[in-house]
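Read the structure below first, then the notes.
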Amino acid sequence: MKWPAKLVGGQTYDAPVHGFDFFSTAAAAAGATPPTDRKIDGVDLVAHVNGDVSGVPHQELFWRSGVAQSARVGDWKLNISPGKVWLYDLAADPEERTNLAKTRPDKLAELQTALERHNAEQAKPLWPSVLTANINLDRDESVPAEPGDEFSEWSN
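Note that the working numbering gives residue 329 to position 71 of the sequence shown, counting from 1, and the numbers run on in steps of one.
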């Protein structure tokens with residue numbers, strides 16, 4: 259973000275944020291009042307970046323794209339794709355290299371419960387996904403896939 263009247267330049271903000279925070283941040287910057295007839299998940303990041311608000315903006319973050327879903331709760335991240343589950347301790351493994359889904363059933367259950375709770379609060383999609391593609395989790399798209407690579411499904 260760049261806003262010389264409100265933000266000190268050259269800062270780095272490392273707490274997890276989400277795209278929906280842009281709405282709340284832009285609304286606050288414009289002096290607009292967000293709607294009150296629905297839940298607004300985003301937060302005004304300016305207050306966090308300036309240190310006016312203690313703590314991180316989100317203890318939980320959720321994503322879904324068709325059949326693929328993810329949850330981040332604290333330093334733990336869960337990824338789900340049809341028939342596949344990945345669990346990572348981001349504090350110990352920020353590059354998401356070691357899948358702990360089988361060795362940490364307690365954390366797996368905790369994040370699955372959080373994701374189920376979040377999904378129960380969401381509106382059903384208004385239209386179905388029409389395209390699903392495999393995304394290589396072991397390397398970026400500039401490198402050819404190799405035997406043993408893991409894939410997740412992405413839907414539009």
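Here a beta-carbon is modelled for each residue, glycine too, at the ideal position from N, C-alpha and C. Treat the numbers as computed from the prediction; the structure is a model and nothing was measured.
Which same chain residues end up closer than 8 Å to residue i when comparing Cβ atoms and leaving out the 5 residues on each side of it in sequence?
i    : result
V325 : S339, P340, S387, T390, E411, S413
V266 : N308
A349 : D333
M259 : L265, T283, L303, V304, V307
CB-CB under 7 Å to residue i, same chain, minus the five flanking residues each way: which ones, in chain order?
i    : result
N394 : A403, D407, F409
P292 : S282, A285, I298
Within its chain, find whatever has a CB closer than 6 Å to the CB of residue i; leave out the 5 residues flanking it on each side and keep chain order.
i    : result
N337 : S328, W344
E271 : A small correction: the amino acid at residue 271 is Tyr; Glu does not occupy that position in the sequence shown. Once the five neighbours on either side are set aside, the close Cβ partners of Y271 are V307.
Y346 : K335, E354
Please name the residue, chosen from the options, that lies closest to residue i on a Cα-to-Cα basis.
i    : options                : result
A273 : D299, E353, L303       : L303
F281 : E353, Q269, I298, A378 : I298
G204 : A263, K382, P262, G332 : Because residue 204 is not part of the residues shown, which for the chain are 259 to 414, the question remains open.
R355 : H316, P405, H306, R397 : R397
R330 : H316, K342, S323       : H316
Return yes when the Cβ of residue j is within less than 8 Å of the Cβ of residue i, no when it is not.
i    : j    : result
F278 : G300 : yes
L369 : W334 : yes
Can you tell me whether DSSP reads residue i as helix, strand or coil?
i    : result
T390 : strand
S400 : coil
E411 : strand
D272 : coil
F281 : helix
D364 : helix
A263 : coil
A290 : coil
A349 : coil
A329 : strand
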